[in-house]
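Q: Sending over a structure as structure tokens; questions will come in a sec.
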Amino acid sequence: MARSVPDSAQDPALDVLDRLNPNRTSSSPSPALGRIGHPGNSAFLEELHEAWKTDPASVDPTWRAFFEGFELGCQLRPPARSGTAAATNGSTPEFGNVLPQARIYNLLFAYRALGHTLAHLDPLGLTPEENTDLALSTFRFTDSDLDSVFDSGTLGGGGPRTLREILSYLKQTYCDHIGVEFMHIMNFAIRRWLRDRMERSRNQPSFSPGQQRRILEKIIAAESLERFLHTRYVGQKRFSLEGGETLIAVLDTLLEACPAAGVEEVAIGMAHRGRLNVLVNTLGKSRRKLFTEFHENYVPETVLGDGDVKYHLGYENDITTSTGKKIRVSLAPNPSHLEAVNPVVEGRARARQRLRDDTVKREKVVPVLIHGDGAFIGQGVVAETLNLSRLEGYRTGGTIHIVVNNQIAFTTLAPDSRSTRYCTALGKSLGLPIFHVNGDDPLAAAYVIQIALEFRQKFHEDIILDIVCYRRHGHNEGDEPNFTQPTLYSEIDAHPPISRLLARQLLDAGAITEEEIQKIRSKLDVVSEEALKESREAVAKLHPSIHPPLRCPDLLRDVPTAVPAKKIAELGAAISTIPGDFQINTKIRKMLDSRKAMAAGQTPLDWACAEHLAFASLLIEKVPIRLSGQDSRRGTFSQRHAAIYDLRTRARYIPLKNLSQNQASFCVYNSPLSEAAVLGFDYGYSLDCPEMLVLWEAQFGDFANGAQIQIDQYISSSESKWGTTSRLTLLLPHGYHGQGPEHSSARLERFLQLCAEDNMVVAYPTTPANYFHLLRRQALRKIIKPLIVMTPKGLLRDARATSPVADLTRGGFQEILPDPNIPRAARRVILCSGKVFYDLQDYQKKNQITDTAILRVEQIYPLHAKKLTQILSLHSPDAEIVWCQEESENMGAWSHLALRLPALLQKQVRYVGRDASSSPATGSLIIHTLEQNQLVQEAFTPAATPLQSGKTRAALSTKKAKSPTPRKKKK
Ligand SMILES: Cc1ncc(C[n+]2csc(CCOP(=O)(O)OP(=O)(O)O)c2C)c(N)n1
Ligand SMILES: [Mg+2]
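Right, here's the structure in full:
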């Protein structure tokens, strides 16, 4: 039967205002009546009604008043006589019948919004409870209305249908094995696209027999791998996917759909559950390799460091789809910390988009994040990462989220793990479509992933697929689920595997035969057995031995980073030039002028200018730069001003983007107020763009602990675990200025505690020039290591912390800086790092001290022992060595160096600094100043006469670290 098509459907470009405000084109005093009477406009009316229900302000006031009356009428008037609600014989209802018709629109709306509450989502669950909001009586209909004909609005093309047909249509679409949450989406075009896409097919998959067989094969492959591992490696941890094998079919369907959708690469992140299965059955990792990893003698072959357990390892491969097209698929290695991998994968995906020249549409590389139900709702980094999804500096064009919702987290069930109905509730806050699918229906799940990819490619937004399934065994293979979930597990024990359910369905439909199924199974058994045999042979050849610590002696090699004076002056001019038509703040103008003068050598360089010059010089040497952090464009301390704004229009101008025609790209972003996700993202980005200088900046250094997982699990240890290297640079404002316990400390000690095996560089430079060289060395040298920099706050504007331009034009980064005033023959040497140097130097100058030299350890890890001992050798061999720091004794660099300096220097080192404290710093400026003065004075005072003045909370420590007792030599 031909159905009338509403205007809006015929002409998608129809002016929205025109559609929402018929007054614009009609002189009718009652536009509503005029439009409703038009047979083509019932769908329009319904859409308008829906728009009003979602957001009353979105429709014209005339319509608003109309719908208010309309709804009131629905509530107050008794139901129309059965059968009078609509004109029969397929004609469109007249306005006189609109009240029952309005109730039909309400019904459509309600099912679209709440149908998921009646959907059969839980493979173990009974029929969902009745939702009274969807009961017929709620819409003032009774069973006797079921055969009355109404206009079905936009439902599946619209047109007249009986109430029975409408209900059946809605139930099939929204209450079968797929439950959808999409009516919270504020964007009407997206809502309409989803609605039409789903209603067109009634949310029923329609795969060809061949495709159905492929899906069954994938389910069987997933199941067979788990069973093989279960019987061959009894009790070994694998975090079985059983109960959730549908995931493997979903991923396969996704990859199959990629070529036609223009996708070249899929970047996956996931946790432990089913990871081995994904590695083998999705990424094509060989069973032989996997089985080898299960062997007790296994030692990682590819990684030089400590390696990692098999269910954390990553993999990358080119997968050939059934049409012969290749898709690059990667699975990021991940730590145990659930969901921490999310931002890392996003960063990697964005970097790969850059590599594939896909920075506008971002359609070639698709990130896919696979979550557990417990972790998805529980871990804050999930929300932080979702919040990156639409931001200029962090977008990846839409992530497909798949939740393997086995309805349990270790031993914890939903009532104890969330305050929301669904574990995907966060997605609603971002207005994402959320599909819940019964995991026992792989065809439905595969159908949804196709929609998900289409949606992602069309709207470039995230989308969530929640596969509601179960966990056949315990949390891991050593876990007994019956201790805590005896009833649930007796149900699970009796529940047939997914493969059996799907096989039955396909057999019934004649899509496959028993013999074919048997063939699939036995082929897999043979493949596994062969792989097992090969793995045993491979393992027999292994000769495990403890590997020596990783070392990178080249980390201490000098790197030439100087830039000629002429170039510096040119760059200084370029970074301070603004387009002629730009009107800028006078203070910014002054700042730019002073940068130009600094670069020309007319005045000493400050920190921010040195940083800009380091960036500028790298950019023209074709090194791209990405800097991201909270307020990084301006700089927390109003020091950077990488972006300049026009006073009238707020147009933005970034001088570092406009240095020369063929410079590298400079990207500077203000990040959202997140540490874990943003640092994770930038770390991920740095992995796949190793030639780029990627910097993440903390607002204050102490906030970096909000990203501690990324620092512990990735930055410091990923090279050893997974062989992945990163050039990521962390800028962490640090220094004691009497501002209280917060903001003083970037927790230098924590970074140093993580240092071993030359895993990263930790520096606390004191001069703009040394910072300039440090940044350039980080970008230019071939060795790829993370760099942690303690950066200044107060010193940014301190005349003491400036450098002559000449210091940029010669040499390179100095790991140790000698005392410029007392280069030799000192009888006491104070070693220090960072800001306290200036206080010590002031004291030295003021008191005309000539027997005490102050050496700066500008790079604390790896310590340049040779340079240090060389410089020390210029001073008296009996010189007392003092380590002075402004941080408390249990913080700063001391605890790290106290273990190393005495052994290196073969003498005691006296500690001078604040006592150990639980809180980093005092809350009082005056106490801070007293303490600071005292510790500085103490550093210059002979050890025998410790100061007794002012017993503050930080009674200063003067302690000696013992010289080392020689170790017994091993025989
Ligand atoms: C951040 C973090 N906290 C705790 C754990 C310990 N842990 C490992 S798996 C798991 C349960 C995860 O449940 P869910 O996300 O539902 O995944 P499932 O194991 O059910 O697939 C827990 C608590 C962890 N790995 N990471
Ligand atoms: Mg779970």
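To convert, note that position 375 of the sequence shown is 380 in the numbering used here; the numbers rise steadily by one, no gaps. C-beta: ideal position from N, C-alpha, C; glycine also. All values reported here derive from a predicted model rather than from experimental measurement.
When the Cα atoms are used, what is the spatial distance from G377 to C694?
A: Your numbering for residue 377 matches position 372 in the sequence shown. Your numbering for residue 694 matches position 689 in the sequence shown. Using only the alpha carbons, I get a separation of about 29 Å.
Q: Starting from the C-beta of A703, find all residues in its chain whose C-beta is less than 6 Å away, skip the five residues before and the five after it, and write them out in chain order.
A: Here residue 703 refers to the residue found at position 698 when the sequence shown is read from its first residue. Excluding sequence neighbours, A703 sits near A709 and L737.
Q: Any heavy atom of ligand 1 closer than 6 Å to the Cβ of A388?
A: Counting from one through the sequence shown, the residue named residue 388 turns up at place 383. Flag unset: Cβ of A388 not near ligand 1.
Q: So, with DSSP's three-state summary, where would you put A276?
A: Position 271 of the sequence shown, counted from the first residue, corresponds to residue 276. In the structure shown, A276 sits in coil (DSSP, three-state: anything other than H, G, I, E or B).
Q: Does ligand 1 have a heavy atom nearer than 6 Å to the CB of R333?
A: Here residue 333 corresponds to residue number 328 of the sequence shown, with the count starting at 1. No; taking the cut-off as 6 Å, the Cβ of R333 has no heavy atom of ligand 1 nearer than that.
Q: For the region 795 to 814 against the region 547 to 555, do three or more pairs of beta-carbon atoms, one drawn from each stretch, fall closer than 8 Å, so that the two count as touching?
A: No, the region 795 to 814 is not in contact with the region 547 to 555.
Q: Can you name, in chain order, every residue of its own chain whose Cβ lies under 6 Å from the Cβ of A615, other than the five neighbours on each side?
A: If you number the sequence shown from 1, residue 615 lands on position 610. Result list for A615: P773, Y776 and F777, in chain order.
Q: Indicate, with yes or no, if ligand 1 has a heavy atom lying under 6 Å from the CB of R805.
A: Locating residue 805 in the sequence shown gives position 800, counting from the first residue. Outside the cutoff, so no.
Q: Which of the three DSSP states, helix, strand or coil, is assigned to C889?
A: For the purposes of this step, residue 889 is taken as the residue at position 884 of the sequence shown. Strand.
Q: Do the CB positions of G312 and L555 come within less than 7 Å of each other?
A: As a first step, residue 312 is located in the sequence shown; it is residue number 307 there, counting from the start. As a first step, residue 555 is located in the sequence shown; it is residue number 550 there, counting from the start. Their beta carbons are not under 7 Å apart, which means G312 does not touch L555 by this criterion.
Q: Applying the 10 Å Cβ sphere with the 16-neighbour rule, what's the burial state of E575?
A: For the purposes of this step, residue 575 is taken as residue 570 along the sequence shown, with counting starting at 1. By the 10 Å Cβ count, E575 comes out buried.
Q: Which partner residues does S335 have in the DSSP bridge list?
A: Here residue 335 corresponds to residue number 330 of the sequence shown, with the count starting at 1. A272 and E321, per the DSSP bridge assignment.
Q: Have a look at the DSSP bridge pairing and note the partners of P372.
A: Here residue 372 is taken as the residue at index 367 of the sequence shown, counted from 1. Looking at the DSSP assignment, P372 forms a beta bridge with A272.
Q: Can you tell me whether DSSP reads I413 as helix, strand or coil?
A: Indexing the sequence shown from 1 puts residue 413 at position 408. I413 falls in the coil class under three-state DSSP.
Q: Please check the pair R477 and I413, which I expect to be a contact at CB under 8 Å, by giving their CB distance rounded to whole angstroms.
A: Reading the sequence shown from its first residue, position 472 is the one you call residue 477. Reading the sequence shown from its first residue, position 408 is the one you call residue 413. Rounded, the Cβ-Cβ distance is 11 Å, inconsistent with contact.
Q: State the Cα-Cα distance for the pair L284 and F233, rounded to the nearest angstrom.
A: Here residue 284 refers to the residue found at position 279 of the sequence shown. Here residue 233 refers to the residue found at position 228 of the sequence shown. Between L284 and F233, the C-alpha separation is close to 15 Å.
Q: Taking only three categories from DSSP, how would you classify G184?
A: Locating residue 184 in the sequence shown gives position 179, counting from the first residue. Reduced to three states, the DSSP call for G184 is strand.
Q: Determine which residues share a DSSP beta bridge with T167 and list them.
A: Position 162 of the sequence shown holds residue 167. The partner list for T167 (beta bridge, DSSP) reads V154.
Q: My output table needs one value for I827: the three-state DSSP class, helix, strand or coil.
A: The residue given as residue 827 occupies position 822 in the sequence shown. In the structure shown, I827 sits in coil (DSSP, three-state: anything other than H, G, I, E or B).
Q: Is the Cβ-Cβ distance between L698 and S731 less than 7 Å?
A: For this step, residue 698 is matched to residue 693 along the sequence shown. For this step, residue 731 is matched to residue 726 along the sequence shown. Contact flag unset, no.
Q: Compute the beta-carbon to beta-carbon distance between A647 and R653, rounded to the nearest angstrom, for a pair I have assumed lies under 8 Å.
A: Taking the first residue of the sequence shown as position 1, residue 647 is located at position 642. Taking the first residue of the sequence shown as position 1, residue 653 is located at position 648. At roughly 21 Å, the Cβ-Cβ gap does not stay under 8 Å, so A647 and R653 are not in contact.
Q: Given the structure, does D378 come close to ligand 1, in the sense that its CB is under 6 Å from one of the ligand's heavy atoms?
A: As a first step, residue 378 must be located in the sequence shown, where it is residue number 373. D378 Cβ: within cutoff of ligand 1.
Q: For ligand 3, I want to know if A227 counts as a neighbour, meaning its beta carbon is within less than 6 Å of at least one of the ligand's heavy atoms.
A: Absence of ligand 3 is noted for the structure shown, with ligand 1 and ligand 2 being the only ligands found.
Q: Express the C-alpha separation of D707 and S922 in angstroms, rounding to a whole number.
A: The residue given as residue 922 occupies position 917 in the sequence shown. The residue given as residue 707 occupies position 702 in the sequence shown. Rounded to the nearest angstrom, the two C-alpha atoms are 16 Å apart.
Q: Any heavy atom of ligand 1 within a distance shorter than 6 Å of the CB on H121?
A: Counting from one through the sequence shown, the residue named residue 121 turns up at place 116. No, the beta carbon of H121 sits no closer than 6 Å to any heavy atom of ligand 1.
Q: Ends of the beta strand (DSSP E) at S633?
A: Walking along the sequence shown from the start, residue 633 turns up at place 628. It spans I630 to G634 - the beta strand (DSSP E) in which S633 sits, taken as one unbroken run.
Q: What span of residues does the beta strand (DSSP E) with A768 cover, start to end?
A: Taking the first residue of the sequence shown as 1, we reach residue 768 at position 763. Here the beta strand (DSSP E) through A768 covers V766 to A768.
Q: Can you list, in chain order, the residues of its chain with a C-beta nearer than 8 Å to that of A37? Leave out the 5 residues immediately preceding and following it.
A: Reading the sequence shown from its first residue, position 32 is the one you call residue 37. Low local confidence applies: a pLDDT of 35 at A37 is under 50, so the model's placement there is unreliable, and no value is given.
Q: Compute the beta-carbon to beta-carbon distance between D758 and P340, rounded to the nearest angstrom, for a pair I have assumed lies under 8 Å.
A: For this step, residue 758 is matched to residue 753 along the sequence shown. For this step, residue 340 is matched to residue 335 along the sequence shown. In the sequence as displayed, the identity of residue 758 is Gln instead of Asp. Their Cβ separation, rounded to whole angstroms, is 18 Å, which puts Q758 and P340 out of contact at 8 Å.
Q: S665 and I625: beta carbons closer than 7 Å?
A: Residue 665 sits at position 660 when you count from the first residue of the sequence shown. Residue 625 sits at position 620 when you count from the first residue of the sequence shown. The answer is yes: Cβ separation under 7 Å.
Q: Going by C-alpha distance, which of T297, R278, V255 and N852 is nearest K538?
A: Counting from 1 along the sequence shown, the entry for residue 538 is found at position 533. Of the listed residues, the one whose Cα sits closest to K538 is T297.
Q: For G352, is the classification buried or exposed, using 16 other Cβ atoms within 10 angstroms of its Cβ as the cut-off for buried?
A: Counted from its first residue, the sequence shown places residue 352 at position 347. By the neighbour-count rule (16 or more Cβ atoms within 10 Å), G352 is buried.
Q: The beta strand (DSSP E) that contains Q864, what's its start and end?
A: Start at 1 with the first residue of the sequence shown, and residue 864 comes out as number 859. Its beta strand (DSSP E) spans residues Q864 to Y866.
Q: Helix, strand or coil for E519, going by three-state DSSP, please let me know.
A: Residue numbering aside, residue 519 sits at position 514 when the sequence shown is read from its first letter. Residue state, collapsed to three classes: helix.
Q: Which residues in the same chain as S808 place their Cβ atom closer than 7 Å to its Cβ, once the five residues preceding and following it in sequence are excluded?
A: Locating residue 808 in the sequence shown gives position 803, counting from the first residue. The residues are P609, L610, A615, T772, P773 and A774.
Q: With a threshold of 7 Å on Cβ separation, who are the neighbours of D181 within its own chain once the five nearest residues in sequence on each side are excluded?
A: Residue 181 sits at position 176 when you count from the first residue of the sequence shown. For D181, where only same-chain residues beyond five positions count, the Cβ hits under 7 Å are A124, H125 and N208.
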